[in-house]
Amino acid sequence: MKQARNLVPTIRKAQSGNPIAMKKLMKDFKPLIEYNARYGRAHIDEDESQSLYLLVFIMIQAFDLDLYLNGGGH
Numbered sequence: 007m008k009q010a011r012n013l014v015p016t017i018r019k020a021q022s023g024n025p026i027a028m029k030k031l032m033k034d035f036k037p038l039i040e041y042n043a044r045y046g047r048a049h050i051d052e053d054e055s056q057s058l059y060l061l062v063f064i065m066i067q068a069f070d071l072d073l074y075l076n077g078g079g080h
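Each number in the numbering used here comes from the position in the sequence shown (counting from 1) with 6 added on.
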């Protein structure tokens, strides 16, 4: 199993507008996005793939790192 990586620095950079960091995150999530865009099909649904990339982009921008790092408010 692949060792988990700390994405916090990359997410912080992406949220600050760094296009290289955002591109790296999209590359990191590409297998998951493509798997879900193909789910139940013999091929990748391009429309679904684009929708998922957009959703990941929005989620990265909206992700509250401070809340995450402080234990989620618990």
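Heads up, the beta-carbon is just placed ideally off N, CA and C, and yes, glycines get one too.
Please read all numbers here as calculations on a predicted model, not as lab measurements.
Here Ala27 is buried. Its C-beta has 16 or more other C-beta atoms within 10 Å.
Taken atom to atom, the span from the alpha-carbon of Met32 to that of Tyr59 is near 7 Å. Here Ile64 is exposed, its C-beta having fewer than 16 other C-beta atoms within 10 Å.
In this structure, the alpha-carbon of Asn12 lies about 27 Å from that of Arg44.
Judged by DSSP secondary structure, Arg44 falls within the alpha helix (DSSP H) whose first and last residues are 25–44. Annotation for Ala20: Ala27, Met28, Leu31, Ile66 place their beta carbon closer than 6 Å to its own, counting only its chain and skipping 5 residues before and after.
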